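Residue numbers (my numbering): 46 to 159.
This is the structure in structure tokens:
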């Protein structure tokens, strides 16, 4: 397993979670690393991305609430999620890439109740 995501759970509206993605290959840091989510009945969507230099981009729907970060020595990608809303419910996946190949973690479930 090259990427292993964890940290999901069930929370109430307004709660917070910190998702982690441990990756096995340092080469992933030479390309953007991403967090995606897939809500029931919807396609997988990109929610946050971090470039090799550390630049961060976010989907409009999560700006100001989600923070992507990375700890290179620990080979871990994070997604801090604050002020959770029911629409944030879904399976969250981390993704790494190298040489045109994509590598996906197994996903971690986030459920937000109102």
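The C-beta atom is built at its ideal place from N, Cα and C for all residues, glycine as well.
Just so you know, these numbers come straight off a predicted model, no measurement behind them.
Give the DSSP-derived three-state secondary structure of residue i in the structure shown.
i: residue 107; result: helix
i: residue 121; result: strand
i: residue 58; result: coil
i: residue 134; result: coil
Can residue i and residue j be called in contact, C-beta distance under 8 Å?
i: residue 61; j: residue 113; result: no
i: residue 154; j: residue 53; result: yes
i: residue 97; j: residue 76; result: yes
i: residue 121; j: residue 66; result: yes
i: residue 74; j: residue 108; result: no
Contact defined as beta carbons within less than 8 Å: I believe residue i pairs with residue j. What is the distance between those atoms, to the nearest angstrom?
i: residue 56; j: residue 124; result: No, residue 56 and residue 124 are not in contact; Cβ-Cβ is about 14 Å, not under 8 Å.
i: residue 70; j: residue 47; result: 6 Å
i: residue 106; j: residue 131; result: The pair is not a contact, with the Cβ atoms about 13 Å apart (cut-off 8 Å).
i: residue 136; j: residue 115; result: About 21 Å; that fails the 8 Å criterion.
DSSP beta-bridge partners for residue i?
i: residue 140; result: 79 and 149
i: residue 64; result: 124
i: residue 90; result: 82
i: residue 154; result: 136
i: residue 115; result: 122
i: residue 49; result: 67
Exercise for the section: Could you say if the region 73–81 and the region 135–151 meet the contact criterion of at least three C-beta pairs nearer than 8 Å? Expected result: yes
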